[in-house]
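One structure is given here, and the rest of the page talks about it.
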């Protein structure tokens, strides 16, 4: 997969089949559409192109909205790399870009720049200034500019919408197993390990404090989870606590992981943490000793879960 950022960097002159969208999560519904795109391109001898936008349009047009995404841009790229796509075109979404007329958008970007011969798009797709143009307009422009339009079925679009909603809801409820089923892979948080207060080390439960790489990333509900990450080229499992550590007077939200049977200095190292199962809610314990007991119980649950994974 070749990446082009912005669209002006796209120099390929071969005719293409294009689909357009944010594809946040690159979940199983998205993958069905991308498979249709790639298969169509192979069958018709065209280049497969996904046109997406960054920042997310709502980040630009609805500044006050609290938008949390399932993928950072780098995570999305890595997931799309696995789909067989020929080209990923990431175009900056700005207020100026949003004011392009529908004809300018289709003629200048899709046809003249990306060489569209076919566009695979949802029946409800809207585009151009104030999103006034629809798929009927697109088909008419196809006649003018020499490209075909294939509608994505209502069922497929419903699958995408339902999957995205259920993934977000599940993560906000701590149900990472349901989220993972719809994603087709474990939900991840990518970031850098930073120094914490070091309290866990004094209890023989040293933790890696993960600072997410982007503030717009959706963080699952506060609580304790079974997780995994690749450390020194080896998959390691851990117990991750998301929350404020209220028992020891914490106030800021942190993501702290105790990796089982692992002794590695992870400070300042990049880490991709994958969520497997929710263990329990965040709690305020009466004493530190009761907190330590809960952590010991969490470890037992995690080890039992991991042993079942390996069977």
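Numbering (our numbering), first residue to last: 253 to 563.
Even for Gly, the Cβ is constructed at its ideal location relative to N, Cα and C.
Note that the structure is a prediction, hence the values are computed from the model and not measured.
Next item on the list: To the nearest angstrom, report how far apart residue 477 and residue 334 are at their CA atoms.
Entry: Translated into the one-based positions of the chain shown, residue 477 becomes position 225. Translated into the one-based positions of the chain shown, residue 334 becomes position 82. Approximately 27 angstroms between the Cα atoms of the pair.
Notebook entry, point to check: Is it right to say residue 545 is buried, meaning 16 or more other beta carbons lie within 10 angstroms of its own, or is it exposed?
Noted result: Against the chain shown, residue 545 aligns to sequence position 293. Burial call: exposed.
Check: Closest by CA to residue 516, which one among 275, 278, 458?
Finding: Taking the chain shown and counting its residues from 1, one reaches residue 516 at position 264. Cα-wise, what sits closest to residue 516 is 458.
Check: Short check: CB of residue 470 to CB of residue 322, under 8 angstroms?
Finding: Here the question's residue 470 lines up with position 218 in the chain shown. Here the question's residue 322 lines up with position 70 in the chain shown. A contact, by the Cβ cut-off of 8 angstroms.
Check: What are the boundary residues of the alpha helix (DSSP H) that residue 394 is part of?
Finding: On the chain shown, position 142 is the one that residue 394 refers to. Segment 387–397, the alpha helix (DSSP H) holding residue 394.
Checklist line | Residues that DSSP places opposite residue 532 in a beta bridge | finding: Position 280 of the chain shown holds residue 532. Looking at the DSSP assignment, residue 532 forms a beta bridge with 476.
Margin query: Please return the same chain residues whose Cβ sits closer than 6 angstroms to the Cβ of residue 401, not counting the five positions on each side in sequence.
Written below: In the chain shown, the residue the question calls residue 401 occupies position 149. Cβ neighbours of residue 401 beyond the five flanking positions: 371, 390, 391, 394.
Next item on the list: Using DSSP bridges, identify the partner residues of residue 551.
Entry: Along the chain shown, one-based indexing puts residue 551 at 299. DSSP lists no partner for residue 551.
Check: Per DSSP, what kind of secondary structure is residue 219 in: helix, strand or coil?
Finding: Nothing in the structure corresponds to residue 219, since the chain is present only between 253 and 563.
Check: Would you say the segment 278–296 touches the segment 313–321, given that touching needs at least three Cβ pairs under 8 angstroms?
Finding: No, the segment 278–296 is not in contact with the segment 313–321.
Check: Would you report the Cα separation of residue 409 and residue 275, rounded to the nearest angstrom?
Finding: Residue mapping note: residue 409 aligns to position 157 of the chain shown, counting from 1. Residue mapping note: residue 275 aligns to position 23 of the chain shown, counting from 1. Straight-line Cα distance between these residues: approximately 12 angstroms.
Notebook entry, point to check: What residue from 353, 416, 289, 415 has the CA that sits closest to residue 379's CA?
Noted result: For the purposes of this step, residue 379 is taken as residue 127 along the chain shown, with counting starting at 1. Ranking 353, 416, 289, 415 by Cα distance to residue 379 puts 353 first.
Next item on the list: List the whole-angstrom C-beta distance separating residue 441 from residue 525, where the pair is believed to meet the contact cut-off of C-beta under 8 angstroms.
Entry: Position 189 of the chain shown, counted from the first residue, corresponds to residue 441. Position 273 of the chain shown, counted from the first residue, corresponds to residue 525. That belief holds up - the Cβ atoms of residue 441 and residue 525 are roughly 5 angstroms apart, short of 8 angstroms.
Check: Does DSSP put residue 278 in a helix, in a strand, or in coil?
Finding: The residue you call residue 278 lines up with position 26 of the chain shown. DSSP places residue 278 in coil when its eight states are reduced to three.
Next item on the list: Let me know the secondary structure DSSP gives residue 515 once reduced to three states.
Entry: Numbered from its first residue, the chain shown carries residue 515 at position 263. Coil, per DSSP.
Check: Roughly how many whole angstroms lie between the Cα atoms of residue 503 and residue 337?
Finding: Counted from its first residue, the chain shown places residue 503 at position 251. Counted from its first residue, the chain shown places residue 337 at position 85. When only Cα atoms are considered, residue 503 and residue 337 end up about 44 angstroms apart.
Check: To which residues of the same chain is residue 374 closer than 6 angstroms at the C-beta, ignoring the five residues directly before and after it?
Finding: In the chain shown, counting from the first residue as 1, residue 374 sits at position 122. If we look at residue 374 and ignore the five residues flanking it on each side, its Cβ neighbours are 404, 409.
Note to self: Just list the residues that DSSP pairs residue 446 with in beta bridges.
What the structure shows: Counted from its first residue, the chain shown places residue 446 at position 194. Residue 446 pairs with 461.
Next item on the list: May I ask whether a heavy atom of the ligand GDP can be found less than 7 angstroms away from the beta carbon of residue 509?
Entry: Among the ligands in the structure shown, none appear at all, so the ligand GDP cannot be discussed.
Notebook entry, point to check: Are the segment 339–350 and the segment 480–493 touching by the rule of at least three beta carbon pairs closer than 8 angstroms?
Noted result: With a cut-off of 8 angstroms, the segment 480–493 and the segment 339–350 do not count as touching, because too few Cβ pairs lie within range.
Next item on the list: For my contact list, residue 366 and residue 313 are in at a C-beta cut-off of 8 angstroms; report their separation, rounded to the angstrom.
Entry: Here the question's residue 366 lines up with position 114 in the chain shown. Here the question's residue 313 lines up with position 61 in the chain shown. Contact doesn't hold; Cβ gap of about 23 angstroms is too wide.
Next item on the list: Using only alpha-carbon positions, find the residue among 500, 465, 359, 411 that is nearest to residue 449.
Entry: Along the chain shown, one-based indexing puts residue 449 at 197. With respect to the C-alpha of residue 449, the residue from 500, 465, 359, 411 having the closest C-alpha is 500.
Margin query: Can you list, in chain order, the residues of its chain with a C-beta nearer than 8 angstroms to that of residue 332? Leave out the 5 residues immediately preceding and following it.
Written below: Taking the chain shown and counting its residues from 1, one reaches residue 332 at position 80. When the five nearest sequence neighbours on each side are left out, the beta carbons in the same chain lying within less than 8 angstroms of the beta carbon of residue 332 are those of 253, 275, 278, 286, 302, 340, in order along the chain.
Next item on the list: Could you tell me whether the Cβ atoms of residue 465 and residue 324 are closer together than 8 angstroms?
Entry: Residue numbering aside, residue 465 sits at position 213 when the chain shown is read from its first letter. Residue numbering aside, residue 324 sits at position 72 when the chain shown is read from its first letter. Going by C-beta atoms, residue 465 is nearer than 8 angstroms to residue 324.
Item checked: Start-to-end residues for the alpha helix (DSSP H) that takes in residue 422 -> Taking the first residue of the chain shown as position 1, residue 422 is located at position 170. First-last of the alpha helix (DSSP H) with residue 422: 406–424.
Notebook entry, point to check: For residue 358, which residues from the same chain have a beta carbon less than 6 angstroms from its beta carbon, with the 5 sequence-adjacent residues on both sides left out?
Noted result: In the chain shown, counting from the first residue as 1, residue 358 sits at position 106. Within the same chain, residue 358 has close Cβ partners 393.
Item checked: Neighbourhood of residue 377 by C-beta distance below 6 angstroms, restricted to the same chain and skipping five residues each side -> Residue numbering aside, residue 377 sits at position 125 when the chain shown is read from its first letter. In chain order, 387 place their CB closer than 6 angstroms to the CB of residue 377, counting only its own chain and leaving out the 5 sequence neighbours on each side.
Next item on the list: Using alpha carbons as the reference points, say which of 289, 257, 258, 260 lies closest to residue 270.
Entry: The residue you call residue 270 lines up with position 18 of the chain shown. Minimum Cα distance to residue 270 is reached at 289.
Next item on the list: Name the residue from 421, 347, 509 whose alpha carbon lies nearest to the alpha carbon of residue 456.
Entry: For the purposes of this step, residue 456 is identified with residue 204 of the chain shown, where counting begins at 1. When only C-alpha atoms are compared, the closest one is 509.
Note to self: So, with DSSP's three-state summary, where would you put residue 372?
What the structure shows: Position 120 of the chain shown holds residue 372. Three-state result, residue 372: strand.
Checklist line | Distance between residue 413 and residue 426 (C-alpha atoms, nearest Å) | finding: What you label residue 426 is simply residue 174 of the chain shown in a count that begins at 1. What you label residue 413 is simply residue 161 of the chain shown in a count that begins at 1. Their backbone Cα atoms lie some 20 angstroms apart in a straight line.
Next item on the list: Output the distance between the C-alpha atoms of residue 595 and residue 369, rounded to the nearest integer angstrom.
Entry: Since the first residue of the chain shown is 253 and the last is 563, residue 595 is not available in this structure.
Notebook entry, point to check: How would you call residue 480, buried or exposed, if buried means at least 16 neighbouring beta carbons within 10 angstroms?
Noted result: As a position in the chain shown, residue 480 is number 228, starting the count at 1. Answer is buried; the Cβ neighbour count reaches 16.
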